[in-house]
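The sequence shown begins at 3 in our numbering and counts up one residue at a time. Every residue, glycine too, gets a C-beta built ideally from N, C-alpha and C. The structure displayed is predicted, hence computed values, not measured ones.
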Amino acid sequence: MTESSSTSDERKTLRRTVQLPANSPPLANGKCSLRLCMLGCEDHPPYGPTEATGALFLELVTSAIYSAYPFANAGPDKTAAAHVDFDIIITTFRVQVMDYPDGQWDDFDGILIPGSFSSAYETAPWIERLKDVIQKEIYGKKRKTLAVCFGHQLYAHSFNQQDGQGGLCRPCPRGHQAGRRSSSLTREGSALLIQPTAASLSSDTSETKPKAETIQLMYTHGDHVASLPPCAVSLFGNDAVPIQAAAYFADNEEAATFCEIIGDNGQKRGENLPSLPQPHAFTFQAHPEYSSQDGLTVTFTNILTALEERKALPPSDLAEAKTDTTDNFPELQQESISLFVTVCKILGWF
Numbered sequence: 003m004t005e006s007s008s009t010s011d012e013r014k015t016l017r018r019t020v021q022l023p024a025n026s027p028p029l030a031n032g033k034c035s036l037r038l039c040m041l042g043c044e045d046h047p048p049y050g051p052t053e054a055t056g057a058l059f060l061e062l063v064t065s066a067i068y069s070a071y072p073f074a075n076a077g078p079d080k081t082a083a084a085h086v087d088f089d090i091i092i093t094t095f096r097v098q099v100m101d102y103p104d105g106q107w108d109d110f111d112g113i114l115i116p117g118s119f120s121s122a123y124e125t126a127p128w129i130e131r132l133k134d135v136i137q138k139e140i141y142g143k144k145r146k147t148l149a150v151c152f153g154h155q156l157y158a159h160s161f162n163q164q165d166g167q168g169g170l171c172r173p174c175p176r177g178h179q180a181g182r183r184s185s186s187l188t189r190e191g192s193a194l195l196i197q198p199t200a201a202s203l204s205s206d207t208s209e210t211k212p213k214a215e216t217i218q219l220m221y222t223h224g225d226h227v228a229s230l231p232p233c234a235v236s237l238f239g240n241d242a243v244p245i246q247a248a249a250y251f252a253d254n255e256e257a258a259t260f261c262e263i264i265g266d267n268g269q270k271r272g273e274n275l276p277s278l279p280q281p282h283a284f285t286f287q288a289h290p291e292y293s294s295q296d297g298l299t300v301t302f303t304n305i306l307t308a309l310e311e312r313k314a315l316p317p318s319d320l321a322e323a324k325t326d327t328t329d330n331f332p333e334l335q336q337e338s339i340s341l342f343v344t345v346c347k348i349l350g351w352f
């Protein structure tokens, strides 16, 4: 059951309880909940309001847990003693009105930075403030983070104002992108998202990882990350958008060490691979939160309508994007959830 409560005029807390097998890793490690802070970046439909976006992520987390632990919420053949309640809690903040969890950051297991119709290179006060928060409070304190679309772009762009080294968001050279897109994994992406490593997860998680060297996900965006700072690596991309995803390490040296290790051992496919540094933040241009029915039929569909109204893409292209995404939704849903499971486990969320 999903519950929603208000914690202030700006904040909402979304909660869902699932039952996990008592021997599942989160419970074995003493965790009985996952508390996420979502820094909502869009107050208005079709992507907003913030509570609606939070509901999409709540559904994504729930689906990921069901995928990672198939016996979660098992039927009556499973005894109550074998299952324990696990709470998924997402508290939403509206950063467009400067609402942040000041003094409460440590109450959360991680941060979500979702999409927006704004651009990361704009100079609106709320965008400037969020860039500063990313640098000082989120990346600066190595908080576990997942960012998508605008969040992916702003996370990278926040580094440019600090040292001018990489981290740049610009309009897509090939124009707006909408619908299903296929990307090729980089060497670094394969190491993190496919190959088992000594520092990665237990063996039962390999079934949830992407199987191929390409990945198909759902997109709606007009900007892209043109370059990354030295503390980050690209995970996958394509000709239109070379940096579709990134992983961020504690510092430049850690990222360089990661690349050096997988470069020296790239042909071993994870066998006897030295312990790898692990990233604390993942960012995706794609929208894995579109993987629910509401994500597809409401949010994604309404965003296509908004793009048509803004003349961002020809109506025929948008119609094709909608049809193709709908026809391939089961596969897109599976890949989105699989990717999210892998990332959540690397971040230690469940």
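Secondary-structure assignment with DSSP links proline 23 through a beta bridge to His85.
Alanine 234 places its beta carbon 7 Å or farther from that of arginine 172. For the set Ile129, Pro47, Ala54, Asp319, the Cα lying nearest the Cα of threonine 15 is the one of Ala54. In this structure, isoleucine 91 and arginine 13 do not form a Cβ contact; the two beta carbons are roughly 12 Å apart against a cut-off of 8 Å. Taking the Cα of tryptophan 351 as reference, the smallest distance to any Cα among Ile129, Lys33, Ile264 is reached at Lys33. By the CB criterion at 7 Å, valine 343 and alanine 66 fall inside the cutoff. Counting of Cβ neighbours within 10 angstroms places glutamine 246 among the buried residues, the total reaching 16 or more.
Residue Arg37 holds the alpha-carbon nearest to the alpha-carbon of threonine 64 among Pro47, Pro48, Arg37. One alpha carbon belongs to alanine 70, the other to proline 231, and they sit about 32 Å apart.
Annotation: the continuous alpha helix (DSSP H) that includes arginine 189 extends over 189 to 195. The shortest C-alpha to C-alpha distance from lysine 324 to any of Thr301, Cys346, Ser236 is the one to Thr301.
Relative to serine 185, the option among Ile305, Leu315, Leu334, Glu124 whose CA is nearest is Leu334. Classified as buried, serine 26 has 16 or more neighbouring CB atoms from the shown chains inside 10 Å of its CB. In terms of Cα proximity to threonine 328, the closest of His289, Gly181, Glu130 is Gly181. In summary, proline 290 is buried, with 16 or more beta-carbon neighbours lying within 10 Å of its beta-carbon over all protein chains present. Checking the DSSP bridge columns, you'll see arginine 96 partnered with Gly42. Short of 6 Å from the beta carbon of methionine 40, and not among the five residues preceding or following it, lie these beta carbons of its own chain, in chain order: Gly56, Ile92, Thr94, Leu114. Pairwise C-beta distances place the segment 248 to 266 out of contact with the segment 115 to 128, as fewer than three of them are shorter than 8 Å.
For serine 69, the enclosing alpha helix (DSSP H) stretches over residues 52 to 70.
A check of alpha carbon separations from histidine 85 across Ala126, Tyr102, His46, Leu29 identifies Leu29 as the nearest. Collapsing the DSSP output to three states places serine 184 in a strand.
Annotation: aspartate 134 to serine 160 spans about 7 Å, alpha carbon to alpha carbon. Following the DSSP letters along the chain, one finds leucine 219 in no alpha helix (DSSP H) but inside the beta strand (DSSP E) bounded by residues 216 to 223.
For histidine 178, the three-state secondary structure derived from DSSP is coil. If the five residues before and after phenylalanine 59 are omitted, its C-beta is found closer than 8 Å to the C-beta atoms of Leu38, Met40, Ile92, Leu114, Pro116, Glu291, all from its own chain and listed in chain order. With distances taken between CA atoms, glutamate 310 lies nearest to Pro48 out of Leu148, Pro48, Leu278.
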